[in-house]
Each structure stands twice: as C-alpha cells, then as structure tokens.
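For the sequence shown, our numbering gives the first residue as 1183, with consecutive numbering after it.
In this text, a Cβ means the ideal position worked out from N, Cα and C, and glycines have one as well.
To start, the structure under review is shown below, and the notes come after it.
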Amino acid sequence: MFVLSTTSLGRQEFNMDGTTHPAVTALAAAVTDASRLLRVPVETIVVEYLEAKDWPDSCLGLPGEDDACADVVTPGFLIILGDGFSYRTDTEGNLRSDTGTLDAELRVDFRQVGGIGGWSSGYHADTTSLSPDDLTRLHQFIVDTEFFKLPAEVGNGDPISDMFSYTIFVAHGRRHHSVSTYDGGGPLEYPALGEFLAWLKSRSPEPGAVSA
1183 MFVLSTTSLG
1193 RQEFNMDGTT
1203 HPAVTALAAA
1213 VTDASRLLRV
1223 PVETIVVEYL
1233 EAKDWPDSCL
1243 GLPGEDDACA
1253 DVVTPGFLII
1263 LGDGFSYRTD
1273 TEGNLRSDTG
1283 TLDAELRVDF
1293 RQVGGIGGWS
1303 SGYHADTTSL
1313 SPDDLTRLHQ
1323 FIVDTEFFKL
1333 PAEVGNGDPI
1343 SDMFSYTIFV
1353 AHGRRHHSVS
1363 TYDGGGPLEY
1373 PALGEFLAWL
1383 KSRSPEPGAV
1393 SA
C-alpha cells in the first residue's frame, strides 16, 4: 500500500499490487511537466492538491484552436502544484495546462555595496539576455544552493570592516526570493552560495562611488 500525502490533499491510499493507480500516473505526468518548464528536479515540485474529476469531453474541457474533441465524459484529475501550476488530466496521464500562460522566466538581480567610500555595483540578467551556457549555469546554481530554501540572511562569521555586503534576488516562474550576505571571517553558513556569489561578482562592473 502506498500513501500520498500533500499539503491540501491529506492522505489518499493507492493499491500498488503490481499496478499503478491512475492518480499516480496523472500526478507523475503533471510533476514531470512542471519540472521541465521550471528546469528543476522533480522532487522539488510541491504538490498542493489532487481531486478526481469528470471532464466534459476528450479535451478535458480545454480545447485547443484546432482540436477535434469527442463529446464524451472523460474521468481524470485536477492537480494543483506549487508555483501556480494547475493541470487537468485523464486517467492515463494525458494532460492539459489549466494555468494559462505558464511563466517559467528566470531573472536575477545582484547588488554589492561597501568599501571605504560606500561603493556599489550590480548585475541584472534574465532569460532573454543570458547565453544558453550562462542560463544553464544559473539554473545549476539555483539547484545546488537550494536557493528558494535559503534564509533571507546568510551568515559569514564576523563582518570585516569596510568590506562588502551582497544581495541576490532570484525570480523563477512564480517563485521569488532574496538572500543577503557579507564579507566576513567565515565560514559561510551555506558554502554552495559562495560559488554563486563569485559567479555574480565576476559579471558585475567594478564597484564605484554611489551617484549623488
């Protein structure tokens, strides 16, 4: 017996005696699609709700412009995932997005401020401005640091006088999170963040005086 537990679903049992319950098939399809769009591991996708539904036609009530939909009641599921993803499925794992235009855009804003003169500089990039290699690297940093699970402030030992503080903001799909840290005596509480920080600093202009 397999038990699925989610935030809103509670507990639902599935008989796993050599067969796969249709709900498991449907959920796997939805989670895989969201993972592909967000470019994050499947296991990081949050399942918020699953409900059995009877859809009004073979297109699950969401016909495309050129679809020929059979007028037949189609059993399936409504699945709601984290980051605003909502799907309609049948019992075989065929699905249609019920989210509208899915926003899988990636954006990063980086700011560093410090030095004797209070100098600053920053870096901004998004899906449209990053090269394929940089986009892949940025996705990997998000996964490696588990960025959206980091605390808002990450310690780095005792602060060093006249050194820099840093703020990293990342928006990915419908998630967004900001993390701040600073130059200190170490060690950095989350070492993987150090590589991400170094990558962002290497892409930022040399810090200069703040304009009046």
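Whether LEU1382 touches TYR1305 by CB criterion (9 Å): Reading the sequence shown from its first residue, position 200 is the one you call residue 1382. Reading the sequence shown from its first residue, position 123 is the one you call residue 1305. Contact: yes.
Out of LEU1288, ALA1307, TYR1231 and ARG1218, which has the shortest C-alpha to C-alpha gap to LEU1209? Residue numbering aside, residue 1209 sits at position 27 when the sequence shown is read from its first letter. Of the candidates LEU1288, ALA1307, TYR1231 and ARG1218, the one whose C-alpha sits nearest the C-alpha of LEU1209 is TYR1231.
Buried or exposed (CB count within 10 angstroms, at least 16 for buried), GLN1322: What you label residue 1322 is simply residue 140 of the sequence shown in a count that begins at 1. Exposed, by the Cβ-count rule.
Expressed to the nearest angstrom, what Euclidean distance is found between the alpha-carbon atoms of PHE1330 and ILE1324? Counting from one through the sequence shown, the residue named residue 1330 turns up at place 148. Counting from one through the sequence shown, the residue named residue 1324 turns up at place 142. The straight-line gap from Cα to Cα measures roughly 8 Å.
Per DSSP, GLY1304 is paired with what? To locate residue 1304, count along the sequence shown from 1; it is residue 122. The partner list for GLY1304 (beta bridge, DSSP) reads ARG1293.
Three-pair Cβ contact test at 8 Å for the stretch 1264-1283 versus the stretch 1336-1353: no
Identify whether SER1279 lies in helix, strand or coil by the three-state DSSP scheme. Along the sequence shown, read from residue 1 onward, the residue named residue 1279 stands at position 97. SER1279: strand per DSSP, three-state reduction.
Outcome for SER1313 when other beta-carbon atoms lying within 10 angstroms are tallied against a minimum of 16: On the sequence shown, position 131 is the one that residue 1313 refers to. Label assigned to SER1313: exposed.
Quick test of the definition: if touching needs 3 or more C-beta pairs under 8 Å, does the stretch 1295-1310 touch the stretch 1223-1237? no
So, under 8 Å CB-CB, GLY1243 and ARG1270 are touching, yes? Tell me the CB distance rounded to an integer number of Å. On the sequence shown, position 61 is the one that residue 1243 refers to. On the sequence shown, position 88 is the one that residue 1270 refers to. Going by Cβ atoms, the distance from GLY1243 to ARG1270 rounds to 7 Å, so yes, they are a contact pair.
Boundaries (first-last residue) of the alpha helix (DSSP H) holding ILE1262: For the purposes of this step, residue 1262 is taken as residue 80 along the sequence shown, with counting starting at 1. Note, ILE1262: premise wrong, no alpha helix (DSSP H); beta strand (DSSP E) at 1256-1263.
Identified DSSP bridge partners for LYS1235: As a working mapping, residue 1235 is identified with position 53 in the sequence shown. BP columns for LYS1235 point to GLY1258.
Is the beta carbon of ALA1334 sitting closer than 9 Å to the one on VAL1352? What you label residue 1334 is simply residue 152 of the sequence shown in a count that begins at 1. What you label residue 1352 is simply residue 170 of the sequence shown in a count that begins at 1. No, they are not a contact pair.
In whole angstroms, give me the CA-to-CA distance for LEU1288 and ARG1218. Residue 1288 sits at position 106 when you count from the first residue of the sequence shown. Residue 1218 sits at position 36 when you count from the first residue of the sequence shown. For LEU1288 and ARG1218, the distance between alpha carbons rounds to 13 Å.
Whether ALA1205 touches PHE1259 by CB criterion (9 Å): By one-based count along the sequence shown, residue 1205 stands at place 23. By one-based count along the sequence shown, residue 1259 stands at place 77. Yes; because the gap between Cβ atoms is below 9 Å, this pair is in contact.
TYR1272, enclosing beta strand (DSSP E) - first and last residue: Position 90 of the sequence shown, counted from the start, is the residue given in the question as residue 1272. The residue asked about is misnamed: residue 1272 is Asp in this sequence, not Tyr. Start and end: 1268-1272.
Can you tell me which of the three DSSP states GLY1376 falls into? Locating residue 1376 in the sequence shown gives position 194, where the first residue counts as 1. GLY1376: helix per DSSP, three-state reduction.
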